[in-house]
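Below is one structure, written out as structure tokens; the observations come after it.
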Amino acid sequence: EAGVTQSPTHLIKTRGQQATLRCSPISGHTSVYWYQQALGLGLQFLLWYDEGEERNRGNFPPRFSGRQFPNYSSELNVNALELEDSALYLCASQAGADTQYFGPGTRLTVL
Amino acid sequence: QKEVEQNSGPLSVPEGAIASLNCTYSDRGSQSFFWYRQYSGKSPELIMFIYSNGDKEDGRFTAQLNKASQYVSLLIRDSQPSDSATYLCAVRVTGSARQLTFGSGTQLTVLP
């Protein structure tokens, strides 16, 4: 069974640009969670999508947004990039109230 | 007070010893508890989950939960150098918010 996949692996942007990160959940999982892991910091919850709807968001500004497609894959968009947005962005998928499994992450670097 | 607290370490143990990793949480409504292992530069991988008070064993790993004390721990028996990683404690509160709240992690080094 294929795990959670994320693309791209690495992404380099400059301040003010927009970044788009993608995630495909494990087959059969309908929930996708996005987390940010900045250097030296723990995982911070960003967004939760389930059945195509945004269910909850963490304490992040509105320039962090996303969506979930009918096939349950998801996209995270970060607008007006700032230097402090440089981090590892992790996607996790979950079936129902079960455990979360993480993808390999996208390393975003903002110059 | 942080919602999930872990001793950041680093924690060093000799090969073959027992490594004990601890985690406390603040929300009494927390229902599900998870331990993830994260190697440097990699994503977290699930080691164990525990929902009920007591011990849960899986191979060399034992998770212990004490809801009255709001405490969860992970024991690693016969520690190996390959166990050297950061261990993340995560908690989920039952209800509409299903995301995990993570501790900052404990860095474990197993010395050959």
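Quick mapping for you: the protein sequence lines, in order, are chains L and B.
Take the first sequence: its letters are residues 5 to 115, numbered as in the numbering used here.
Take the second sequence: its letters are residues 1368 to 1479, numbered as in the numbering used here.
Where a beta carbon is used, it is the ideal one built from N, C-alpha and C, also for glycine.
List the endpoints of the continuous beta strand (DSSP E) containing residue i.
i	result
tyrosine 76/L	Here tyrosine 76/L belongs to no beta strand (DSSP E), and DSSP marks it neither H nor E.
valine 36/L	35 to 41
isoleucine 1414/B	1412 to 1417
asparagine 60/L	57 to 61
valine 1477/B	1473 to 1478
serine 1407/B	From DSSP, serine 1407/B is part of no beta strand (DSSP E); its letter is neither H nor E.
arginine 111/L	110 to 114
Residue i by DSSP, collapsed to three states: which one?
i	result
glutamate 88/L	helix
serine 1449/B	helix
alanine 1435/B	coil
leucine 45/L	coil
serine 1395/B	Position check: residue 1395/B holds arginine in this sequence, whereas serine was assumed. Coil.
aspartate 1422/B	strand
glutamate 1372/B	strand
lysine 17/L	strand
leucine 1467/B	coil
tyrosine 105/L	strand
alanine 23/L	strand
proline 1381/B	strand
phenylalanine 64/L	coil
valine 8/L	coil
alanine 1457/B	strand
alanine 99/L	coil
asparagine 83/L	coil
serine 28/L	strand
Since residue i meets chain L, which of its residues come closer than 8 Å, beta carbon to beta carbon?
i	result
phenylalanine 1428/B	Simply none; closest approach about 15 Å.
proline 1411/B	Leu47, Leu94, Phe106
glycine 1396/B	Chain L residues near glycine 1396/B: none, gap ~15 Å exceeds 8 Å.
serine 1471/B	Leu45, Gly46
Mind pulling the chain L residues with CB within less than 7 Å of residue i?
i	result
threonine 1401/B	It should be noted that the sequence gives phenylalanine, not threonine, for residue 1401/B. Those are Thr103, listed as they occur along chain L.
Among the options, which has the Cα closest to the Cα of residue i?
i	options	result
glutamine 1405/B	Leu25/L, Leu92/L, Leu115/L, Trp52/L	Leu92/L
asparagine 1420/B	Ser1410/B, Asn1374/B, Ser1436/B	Ser1436/B
isoleucine 16/L	Leu85/L, Gly46/L, Asp102/L	Leu85/L
valine 1477/B	Ala1464/B, Leu1413/B, Asp1450/B	Asp1450/B
tyrosine 1403/B	Phe106/L, Arg111/L, Leu112/L	Phe106/L
proline 65/L	Ser78/L, Gly44/L, Glu88/L, Tyr53/L	Glu88/L
phenylalanine 1400/B	Gln104/L, Gly62/L, Leu45/L	Gln104/L
cysteine 1390/B	Tyr1454/B, Pro1479/B, Arg1465/B	Tyr1454/B
glutamine 1373/B	Pro1479/B, Arg1465/B, Val1458/B	Val1458/B
Determine whether the beta carbon atoms of residue i and residue j lie at a separation below 8 Å.
i	j	result
alanine 1452/B	leucine 1475/B	yes
serine 1440/B	serine 1393/B	no
tyrosine 76/L	threonine 34/L	yes
isoleucine 30/L	glycine 56/L	no
threonine 1429/B	leucine 1413/B	no
valine 114/L	threonine 13/L	no
alanine 51/L	leucine 94/L	Looking at the sequence shown, residue 51/L is not alanine but leucine. For leucine 51/L and leucine 94/L, no; Cβs fall outside 8 Å.
leucine 47/L	phenylalanine 1416/B	no
alanine 23/L	leucine 112/L	yes
glycine 1472/B	serine 1410/B	no
Cβ-heavy atom distance between residue i and the ligand COA below 7 Å?
i	result
aspartate 1425/B	The ligand content of the structure shown is nil, which means the ligand COA is not present either.
How would you list, in chain order, the residues of chain B whose beta-carbon sits under 9 Å from the beta-carbon of residue i?
i	result
tyrosine 37/L	Arg1465, Gln1466, Leu1467
asparagine 63/L	Simply none; closest approach about 12 Å.
Residues of chain B with a CB under 7 Å from the CB of residue i: which are they?
i	result
glycine 109/L	Ser1410
How would you list, in chain order, the residues of chain B whose beta-carbon sits under 8 Å from the beta-carbon of residue i?
i	result
asparagine 60/L	Ser1463, Ala1464, Arg1465, Gln1466
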